[in-house]
Structures are given as structure tokens and as C-alpha cells.
Ligand SMILES: Nc1ncnc2c1ncn2[C@@H]1O[C@H](COP(=O)(O)OP(=O)(O)OP(=O)(O)O)[C@@H](O)[C@H]1O
Ligand SMILES: [Mg+2]
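Chains as they are written, first to last, in the working numbering: chain C, 65 to 318; chain Z, 16 to 383.
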């Protein structure tokens, strides 16, 4: 673990994003090391989803550099990009399940793409992932349109976990889940982190999730990361957003 | 990098080392499971204490190797226990839907039933449109003029260039081919009759109908379909706005109005092309053409052509909207319904064209 620990899993340097006239990020820097669970906080519309999309290479920032596992994703060819992308999983804010495929096939899809697992192995893996997110085997044959909002989230999480990613990007993973399920989700990710050494970047507005899961917190405000550090340190920062976010509840929860 | 997954056969036990993760396993795939099988057959004792990481894909591999039960002797560090436990507890029986044996009659039977259900849907939609018209007569303020105008513009005005171009080229082609034949009989002047009757009465409407079915029919189905997928139609209903009045009716009315105009326009372009080709090929002057056209082609033909345009436009839009409303919330269904909409639209147009031809066989035929 010597060489690995020194390179950041995810590194953003001087990232700026512009949509037409609107400047969303300006000279934004962030570095996430292996094993960290980073909660990315910020007001609605502050550009958190956009930042995740840029980390995945789905959107090219107007300026700046993004490194995943030490290499620039967008600089590589198709094969290099594929190799890097297989090491990460993404849970989209709206789920982004394939509407034409059943729940089972949605999760099996990335596994089948590997073209080296047999069907029995895939079936067990899919059922295992479904079990992890507390879906019943009977749900496996449903179509995405037949799922409830929270179920879509859980299936999407199962799909994001299918390839056993090293880096997991989660966009509001617990929005739309009941408190019990949120709690179980927190425990699931925590246990995965323990056994596999996952790195997680998650956007969340849910204080319970942040409190229960995040080791580090990054605050996105004023178009950049104004603070990044251990949860306990950032919490007490003197900034209107931070104060507002943590004020009322913090003593109760943390 | 961390060590690849590997196994050592030590006297009396199997020792696993390295990172047992999906990514690491991939490189070793055909060989490693075979080695594991071999080891499992000979040794009942397993030592996993030197495994750095174990993810669920690898855990499943081990569990399968062990014949889905715990080996007799197992050294398992605490950190890996939960992953393996999860796999061990998993039930792998998927509740399969009971599929009955298929009789050879089932497929045609299903097709007929599906066809009947579509027919019912179209008739129901037509009835709903009539009810909506009744409602609009009583409440003229509700008439969706804006949507109607937008549809006439999109399905009609924007289709002018493509219909003109296709019409013109078809006119040139027919004129050219016919004049070759006519000249060999010395019957050059009948080019006026041939072009006039065939284009105005038959080719103009059918040609435009096919173009419009591909162009506007598919667009209507896709638009309504996506509105269904994204629950926009439900949002409309929630606001107390009727989806048929606001979405379907303007499309059907718009295309019904626009089609005859497009037919007129495309027929004119085709005649122009035919005239120019005749001028070049047969030296038939434009003045002669214009003088003889009304005599060779009675007015009834034009009315038949326009009537066809009206009916075809109505059919295409009604079918397109029907299949749009049938779209289920997934991309596959959207694609299938758009295809079906265009194919059905064109097929019905051809069928109704045949009906028209039979019903109007005594009307508008020039007596020479
Ligand atoms: N494709 C786009 N074109 C133009 N503007 C965009 C685009 N995508 C995002 N934006 C703008 O960028 C800003 C940030 O959007 P983003 O979705 O990243 O917000 P967010 O922080 O994820 O918000 P929320 O917490 O509500 O999900 C918004 O002002 C949005 O309008
Ligand atoms: Mg967002």
C-alpha cells in the first residue's frame, strides 16, 4: 500500500465550468485519498451534480484538470477510459436505469459486458446485490417503470455496486428512502468500505447520512470548495452555509 | 499494485493469498476456477488468513467451489466473514414465471387479439375526439388555437420544401418515361392526360401521405410517447387540462387541414416537373400544356385528390396519436410504437386509396 497511498484517487485542479453566461465552478480544487468517504455539500443548484459528471468524464470542464486514479480520464483513448471507468461506480440522482431492461438485467448488464463471467455466477452476483440493497428476488423481474422512487434508487445503487468499484460516486443516495432504509444504506456502505477499502464521494442533503457515513466533508459554495477536511473540523467553520446546514441538528446528531 | 489472487497447495490445506476482487480475478479467469475445483476435490481445509481483500464476486466463486457449503476446516479472518456470510445466506432460486406450452394457434390468435385491441383503441380515440368537438362547440373559448396553428406550421409549412422537391422529381421521371413510350406510338399529346390524371388524382395524395406519415406521423407518436414516459401527460391531467383536447385534437385537426394544401402544392410541383420534362423531351410547349390540362383532366379529379388528402391526413394523425398514447414507459416500447405508427399509417393510406379508387371509378374520367 505504499505507492498507492500517495496518489490521490481523485484530484481536481483549477476546475472551472461555464454554461453559457453562468459560471458554475471557478478555480475549484479537491483531492480525495483512498479510503475516504467524502460528503459533498452545497446549496441546491451550486453545481454538485455537474461536478460529479465532470469527475466521470461525462462533461468536460471549461478549464482545469481532473485526475482519476492518477491519470487524466479524457486524455486517454477508448480502452484506457474503459479501464478507468470499470473501477468506479456512479449512482445518478434520477437513477438512470435502462428503461427497456428488467431490474435483473439492469444489474447484470455491466457484468455481462465483462464477457468473462458465466450466467450462474452473474445470477448469484445480481441476487446478492439486490439482497444488499434490500430488494426481494421477486422484484428482479420488474421493469424500472414498475418501481417506486426509493426502489429505483436502490436498484441503481445495486447496479453501481455490480462491478465492485474502488471509487463510488453517489448523487443523493438516500433522498427518497425511508429512515430505516437510509440507516441500512449507511451501514451497507460503511461495511463495504471496511471490507473493500472503497473510496466514496457522495452528494447528500441528509444530515443523518452525512453524520453516519462521511469521514470527510467538502463544502461547495461561492463556486469552489471553500472547505475540505474531517467532518468535525468543517462543521464548526464560520460560513453562512455551513452554519445553516449544521446549526439546529448538530448537537442532537453528532 | 497489490498481489494477484493465487492459491498454494500446502500439505493438508489450501492457502489463498492476494487480493480476491473481480478486477483482479478477471485476468486469471479460466485457469483459477479450475485450480480451485481441483483443490476442493482433494483438500477439505482452507486457509484464507492471508487474503488481503475479498469482494462478493470472489466470495461467490469460492462458495461455488465449496459446493455451496462451508468446508470442513476453514481459517477465516473476521474482516472477510461478513462477505462470505452474505453469499452463504443468499437463496439462489429466482421465482420463475410459469410459462405454459405454446400451441401453434397461439401466435395468430394473439396477433388477431392485438389487432382487435388496437382497432378498439383507435375507435375509442375517435369517439373521444367527437365528444371533445361537441365540448368545444359549447365552449369556444377552450379551442386550442395556438396548438392548432403550431401543428399546421410544423406538419404543413415546414414540409413544403421536401414535398415540392420529391413531387417535382417524380413529375420529371413519369413524364420522361411516358414520353418515351408515347413517342413510339406518335401519341405525344396524350402526355397531358397521363400526367394530369395520374398526378392530380393518384400520385400527389399518396406521395404526400407517405412523406407526411414518415415525417409528421413519427414525430407525433414520439412526442406523445415521450410525454407519457416523462409523465407530462399526467401533469396536464392534474391541471385539469384534457390531453385529447390539448394534445391529440390539435394534431389531428392540424394535419387534416394541412394535408390537402400539401397535396395541392406537391401536385403542382409534380406537374411543373412533368411539363418541363415534356418540353425538353417532346418539344411540347408550356402554353399547349396549360391550354389542354383543364380539358384533359376534369375538375372532379382535383376534388378527389384534395378529398384523399383530407382523409389521409386524418388517418395518419389519428393513428400516430393512438400509438403515441400506447407507449409504455420504456425506450423499447417508444421505438416499437413509432415504427408501428408509421407502418400502420402508410398501410391504411394505401388501403383507403384502393377504396377511393373503387368508389370513384365513374367520376372524373375524361370522355375522349
Ligand atoms: N446542461 C446544462 N446546461 C446549462 N446549465 C446547466 C446544465 N447543467 C446544469 N446547469 C446549471 O448548473 C447549475 C448547477 O447544476 P447542478 O445540477 O450541478 O446542481 P446541484 O448542485 O446538483 O443541485 P441539486 O442539489 O438541486 O441537485 C445550475 O444552475 C444549473 O442550472
Ligand atoms: Mg444535483
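Idealized CB from N, CA, C, for every residue including glycine.
Exposure label - residue i; buried when at least 16 CB within 10 Å
i	result
residue 121(Z)	exposed
residue 119(C)	buried
residue 316(Z)	buried
residue 206(Z)	buried
residue 153(C)	buried
residue 93(C)	exposed
residue 310(C)	buried
residue 65(C)	With a pLDDT of 40 at residue 65(C), under the threshold of 50, the predicted position of this residue should be treated as unreliable, and no value is reported.
residue 135(Z)	exposed
residue 170(Z)	buried
residue 69(C)	Low confidence applies here, because residue 69(C) scores a pLDDT of 49, under 50, leaving its location unreliable; read the following figure in that light. So residue 69(C) ends up on the exposed side.
residue 67(C)	Low confidence applies to residue 67(C): its pLDDT is 44, below 50, so where it sits in the model is not reliable, and the reading given next is rough at best. Residue 67(C) should be labelled exposed.
residue 273(Z)	buried
residue 236(Z)	buried
residue 280(C)	buried
residue 144(C)	exposed
residue 32(C)	It is not possible to answer for residue 32(C), since the shown part of chain C is limited to 65 through 318.
residue 354(Z)	exposed
residue 200(Z)	exposed
residue 196(C)	buried
Residue range of the beta strand (DSSP E) that includes residue i
i	result
residue 93(C)	86-96
residue 178(C)	First-last for residue 178(C): undefined, no H or E at that position.
residue 74(C)	74-83
residue 153(Z)	That residue, residue 153(Z), is in no beta strand (DSSP E); its alpha helix (DSSP H) goes 121-153.
residue 281(Z)	Premise fails: residue 281(Z) lies in the alpha helix (DSSP H), 264-297, not in any beta strand (DSSP E).
residue 78(Z)	Unbroken run through residue 78(Z) is the alpha helix (DSSP H), 71-80; no beta strand (DSSP E).
residue 283(C)	280-285
residue 25(Z)	21-25
residue 291(C)	288-294
residue 130(C)	127-132
residue 153(C)	152-155
Contact list for residue i against chain Z, beta-carbon separation under 7 angstroms
i	result
residue 224(C)	Those within 7 angstroms of residue 224(C) in chain Z number zero; the least Cβ separation is about 14 angstroms.
residue 108(C)	Residues of chain Z passing the Cβ test: none, with the nearest at roughly 21 angstroms.
residue 255(C)	97
The alpha helix (DSSP H) enclosing residue i, as first and last residue numbers
i	result
residue 107(C)	Taken as a continuous stretch (DSSP letters only), residue 107(C) belongs to no alpha helix (DSSP H), as it is neither H nor E.
residue 28(Z)	Here residue 28(Z) belongs to no alpha helix (DSSP H); instead the beta strand (DSSP E) covers 28-35.
residue 361(Z)	346-374
residue 142(C)	142-149
residue 257(C)	243-260
residue 228(Z)	Where residue 228(Z) is concerned, there is no enclosing alpha helix (DSSP H), given that its DSSP letter is neither H nor E.
residue 337(Z)	314-341
residue 235(C)	Per DSSP, residue 235(C) belongs to no alpha helix (DSSP H); it is in the beta strand (DSSP E), 231-235.
residue 397(Z)	In this structure chain Z extends from 16 to 383, so residue 397(Z) is not present and cannot be described.
residue 101(Z)	93-104
residue 214(C)	213-225
residue 88(Z)	That residue, residue 88(Z), is in no alpha helix (DSSP H); its beta strand (DSSP E) goes 88-90.
residue 253(Z)	247-253
Any non-hydrogen atom of ligand 1 closer than 6 angstroms to residue i Cβ
i	result
residue 114(C)	yes
residue 126(C)	no
residue 103(C)	no
residue 110(C)	yes
residue 305(C)	no
residue 88(C)	yes
residue 83(C)	yes
Contact test: residue i Cβ vs ligand 2 heavy atom, cutoff 6 angstroms
i	result
residue 157(C)	yes
Proximal chain C residues relative to residue i, where beta-carbon distance stays under 7 angstroms
i	result
residue 103(Z)	What residue 103(Z) touches in chain C: nothing, since even the nearest Cβ is about 11 angstroms away.
residue 347(Z)	164
residue 41(Z)	178 and 180
residue 36(Z)	228
Cross-chain neighbours of residue i in chain Z, by beta carbon under 9 angstroms
i	result
residue 99(C)	By Cβ distance, chain Z contributes nothing, its closest Cβ being about 12 angstroms from residue 99(C), past 9 angstroms.
Closer than 8 angstroms at the beta carbon, the chain Z residues around residue i
i	result
residue 261(C)	68
Closer than 9 angstroms at the beta carbon, the chain C residues around residue i
i	result
residue 369(Z)	Chain C residues near residue 369(Z): none, gap ~37 angstroms exceeds 9 angstroms.
Contact set between residue i and chain D, taken where Cβ atoms lie within less than 9 angstroms
i	result
residue 44(Z)	Absent from the structure: chain D. Protein chains present are C and Z.
Q: Output, in sequence order along the chain, the residues in the segment 55-77 of chain Z whose CB is closer than 8 angstroms to any CB in chain C.
A: Hits within the stretch, in order: 68, 69, 70, 71, 72, 75 and 76.
Q) Which residues, in chain order, does the segment 219-246 of chain C contribute to contact with chain Z at a C-beta distance below 7 angstroms? A) Listed in sequence order: 227 and 228.
Q. Of the residues that make up the segment 204-215 of chain C, which ones have a beta carbon closer than 8 angstroms to any beta carbon in chain Z?
A. Answer set for the segment 204-215 of chain C: 204, 205, 207, 208 and 209.
Q. At a Cβ cut of 9 angstroms, what residues of the segment 118-150 of chain C count as close to chain Z, listed as they run along the chain?
A. Answer in chain order: 150.
Q. Of the residues that make up the segment 80-107 of chain Z, which ones have a beta carbon closer than 9 angstroms to any beta carbon in chain C?
A. For the segment 80-107 of chain Z, which is checked against every Cβ of chain C, the residues closer than 9 angstroms are 94, 95, 97, 98, 101, 102, 104, 105, 106 and 107.
**Q.** Residues from the segment 189-201 of chain C in contact with chain Z, defined by Cβ distance under 8 angstroms
**A.** If the cut-off is 8 angstroms between Cβ atoms, the segment 189-201 of chain C has 189, 191, 192, 193, 195, 196 and 201 near chain Z.
Q: Residues of the segment 329-357 of chain Z with a CB closer than 8 angstroms to any CB of chain C: list them in chain order, please.
A: Contact annotation: in the segment 329-357 of chain Z, residues whose CB is within less than 8 angstroms of a CB in chain C are 343, 344, 345, 346, 347 and 348.
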